[in-house]
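> Its first residue numbered 54, the sequence shown is counted upward by one per residue in my numbering.
All C-beta atoms, glycine included, are put in the ideal place defined by N, C-alpha and C.
First the structure, then my questions, so here it is.
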Amino acid sequence: MRKLAIFIALLMVTAAVLFIVVDYDATIQILSAAVFVIGAVVLYFLMGSTQDFDETQSDQDMSEQRKKSKKKKRPADATLPLSFEEEKEKSGADAAGSKSAASGKDASSEAPMAARASASSTVRLPYKPKEIEIPEDYYKYNLEAIPTDPRGEFDYLTLRLLTVLKEMLFAHTVGVFWINRDRGQIVIGSHVTDSKQFTPARRYPLTNDLLGRVAESKRPEIISEIPTEAEAELLPYYNSNQGVHSFVGVPMFFQDDCVAILAADSKAPDSFGLETVATMGHFTALLATLLQSYSHKYDLEADSKLLKVIDNMRQSIALHLDPYGIASAAATATTEAVDWDYVAVVLNEPSGDWVVKRSVTKMSEEPYIKEGTVIDLENGLVGKVLQSMEPVIVDAPTEGTFRFERTENIRGNGSLCLVPLTTANRCFGIIVAEYKEKHQYAGRDLEIIQRIAEIVSMALEVLSLNTLVRQHLMIDESTRVASRTFLLQRLDEERKRCEDHGGEMSFYVVALDHADQLLQRHGLAGLEYILKSLGSALRSSLEPYHVLGKLDQSRFGVLCLHTGGENAYLVGEKFRTIIASTSLSLDGSSFSVTASIGCCVYAEGMDSGQILNVAQQVVDRAISDGGNCVKVV
């Protein structure tokens, strides 16, 4: 019926058109026009109704198709809904599979695979992304490239922030400038610049330039126009004029103190305003947070490093408990703990002189002060600090003054850090650290060297007390024979008796052959065991009125009364034979050692010092002849 109505409406329109064109009667033309309009309207509504009907029918068909597809079993790995075309393909594949089921299983397995491939290839997005190649380093950074040490990590992150800030401000240079009020300096930190004339210097004096004014006032500063003739004076971080016209500096606070300045400049005039200060204020807050984290990490790392330095120094002192060994350990610890170009350690000698015991130079071609130099206590800088016993940081002496003694030839016009080695009872010396640049040392460096000096002072005091105790001991602890002090005291007493009442007396020095090799092979404990065994063997062969004592680390002294002439040599040979025949057992192995023996027979007019010196000279001659022999004078 709908199609018939459309056909009639088309006839009405066509007939009306013919009457309008062919008939010349006005009335007929008017009626034909009316019929044309009515037919056109009817035709319009009929065509629209037909389109709506078709769309409705299509929607119904789609709905029925979806209902059918829901009832069918989906593949286990299907993740996307199937389109109408996919459903048709799937239905066709299923139908084909069912027809070929009798012939084999391969055909039925191909249908789900085809459906999955079709579903994955027809994903539609509601938008279209822009096709552009984005470099990976624009949005992804290698975390392994970030330094692991606190200072390197802080500098890396600061540089990244400054790069962002420079792009935001369209600046010529953006940088962080640290304020060192103790040394009166501006220290140039991380910076990003377009200039090729940025200064390579690490620091410069704190003056009345733009950065200095911000540091002094602790308030932001905006300069809209910088005169060309004043640029070099106001912006000293450039080697030459750059045509900079605008500047902004914002102080950075840490623990209520202005510690740095975040500054930016531009070649365009009036480039910065209040909004710039607000933006940079956010950056200074972030930098202060990073600084707090860094300072905690740095303090922990610095303390850990100092503890390691002190521990190594303690071990070195334990192995070499003598003035030179202690001075060497102190100098090494100082070079590891602070910046330095020269380090010297001055100690007080038993004679009363203050002597340079250890001197270290970073550059071998630049000598400092010779070891063994006696310092001028009254006129030299080191002598004055020793008298005051107060640690100080001072500038290097100017022309006409000196550090240690008047004839010194030391090049350098930097700064010195001097820390006396003191205990509650005594001053043992001083540690001198020198750097070739001025204002290098601060309170932190002084504290570090003071901690080193405390350990060194205690070691020197222990050494002094040990020496004092040994001087009054009659028995050597390690070998259980007479001490050196008691042996030399008995030598002097018996010399006087022989001088007053006559008689014979001989003094022997028994030196262990190859003592250095034995020390290297068996260690200090092994060497002491060898000496103790030999001392026991020698003591068992002596008369009660003879005296056996230890002279030094590898030598014995034997005072034999009523012995002289030919008997002196025979007694020496007896000692040599006893030592060579003594069997020693150490580290699971048995061995024997030999000794060289030198003898001085007392002659009238000799004092105890001469007797000792002659005996030592004779034994040195025996050692040079190959050892394991006896020589008598």
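Would you report the Cα separation of residue 406 and residue 479, rounded to the nearest angstrom?
Going by the C-alpha atoms only, they are around 15 Å apart.
> Could you spell out where the alpha helix (DSSP H) holding residue 646 opens and where it closes?
Taken as a continuous stretch (DSSP letters only), residue 646 belongs to no alpha helix (DSSP H), as it is neither H nor E.
> Here's the rule: buried if 16 or more other CB atoms are within 10 angstroms of the residue's CB, otherwise exposed. What is residue 454?
With fewer than 16 other Cβ atoms within 10 Å, it is exposed.
> So what's residue 11 in DSSP terms, helix, strand or just coil?
It is not possible to answer for residue 11, since the shown part of the chain is limited to 54 through 686.
> Alpha carbon to alpha carbon, what distance is there between residue 207 and residue 584?
When rounded, the distance between both Cα atoms is 59 Å.
> What's the C-alpha gap between residue 627 and residue 369?
Cα to Cα, the separation comes out at about 40 Å.
> Who pairs with residue 303 in a beta bridge, going by DSSP?
For residue 303, which the question treats as bridged, DSSP gives the partners 315.
> Below 8 Å on the Cβ atoms is my guess for residue 210 versus residue 343; work out the distance and round it to an integer in Å.
Confirmed, about 6 Å.
> What is the DSSP secondary structure of residue 422, counted as helix, strand or coil?
Here residue 422 sits in coil by DSSP.
> By the three-class DSSP mapping on this structure, what secondary structure does residue 310 have?
Looking at residue 310 - three-state DSSP - the assignment turns out to be strand.
> Here's the rule: buried if 16 or more other CB atoms are within 10 angstroms of the residue's CB, otherwise exposed. What is residue 377?
Its Cβ having fewer than 16 others within 10 Å, residue 377 is exposed.
> Rounded to the nearest angstrom, what separates residue 677 and residue 667 at their Cα positions?
Residue 677 and residue 667: Cα-Cα distance of roughly 15 Å.
> Less than 8 Å between the beta carbons of residue 297 and residue 318, yes or no?
Taking 8 Å as the Cβ cut-off, residue 297 and residue 318 qualify as a contacting pair.
> So, helix, strand or coil for residue 502, using DSSP?
It is helical.
> Looking at C-alpha atoms only, which residue of 253, 518, 625, 358 is the closest neighbour of residue 616?
Nearest option by C-alpha distance: 625.
> Leaving aside the five residues before and after residue 644 along the sequence, list all residues of the same chain whose C-beta is less than 6 Å from its C-beta, in chain order.
Closer than 6 Å at Cβ, skipping near neighbours: 637.
> Can you confirm whether residue 378, when its beta carbon is compared against all beta carbons of chain D, has any partner nearer than 8 Å?
Checking the listed chains, one finds no chain D in this structure; it contains a single protein chain.
> Pick from 403, 523, 469, 289: whose alpha carbon is nearest that of residue 603?
Ranking the options by Cα distance to residue 603, first place goes to 523.
> What residue range does the beta strand (DSSP E) around residue 259 cover?
Neither: residue 259 is in no beta strand (DSSP E) and is coded neither H nor E.
> Contact check, residue 566 vs residue 681 under 8 Å by CB: the rounded distance?
Yes, residue 566 and residue 681 are in contact; Cβ-Cβ is about 6 Å, under 8 Å.
> Please report the residue range of the alpha helix (DSSP H) in which residue 475 lies.
First-last for residue 475: 468-475, but that is the beta strand (DSSP E), not the alpha helix (DSSP H).
> Let me know if residue 394 comes out buried or exposed under the rule of 16 or more other beta-carbons within 10 Å of its beta-carbon.
Buried.
> What is the residue span of the alpha helix (DSSP H) that residue 335 lies within?
Run containing residue 335: 327-372, per the alpha helix (DSSP H) assignment.
> What does DSSP give as the partner residue(s) for residue 564 in the beta ladder?
Bridge partners of residue 564: 608, 649.
> Locate the alpha helix (DSSP H) running through residue 448, then write down its first and last residues.
First-last for residue 448: 445-448, but that is the beta strand (DSSP E), not the alpha helix (DSSP H).
> State the start and end residues of the unbroken beta strand (DSSP E) segment that holds residue 207.
No beta strand (DSSP E) holds residue 207; the alpha helix (DSSP H) holding it covers 203-222.
> Have a look at the DSSP bridge pairing and note the partners of residue 488.
According to DSSP, residue 488 bridges with 468.
> Which class does residue 603 belong to by DSSP, given the choice of helix, strand or coil?
If DSSP states are grouped into helix, strand and coil, residue 603 belongs with the strands.
> Give the straight-line distance between the Cα atoms of residue 212 and residue 243, rounded to the nearest whole angstrom.
C-alpha separation (whole angstroms): 6 Å.
> For residue 271, count neighbouring Cβ atoms within 10 angstroms of its own Cβ and tell me buried if that reaches 16, exposed if not.
Under this definition residue 271 is an exposed residue.
> Taking 7 Å as the limit between beta carbons, can you name the residues of its chain near residue 388, skipping five residues before and five after?
Result list for residue 388: 396, 413, in chain order.
> For the candidate residues 371, 451, 543, 679, whose alpha-carbon lies nearest to that of residue 466?
It is 451.
> Decide yes or no for the touch test of the region 228-243 against the region 272-287: beta carbon pairs closer than 8 Å, at least 3 of them.
These segments do not touch.
> When the Cα atoms are used, what is the spatial distance from residue 294 to residue 400?
Taking the straight line joining both Cα atoms gives about 54 Å.
> What residues in its chain sit with their C-beta under 6 Å from that of residue 256, if we drop five residues either side in the sequence?
Result list for residue 256: 238, 240, in chain order.
> Can you tell which of 482, 544, 592, 415 has the C-alpha that lies nearest to the C-alpha of residue 533?
Out of 482, 544, 592, 415, 592 has the C-alpha closest to the C-alpha of residue 533.
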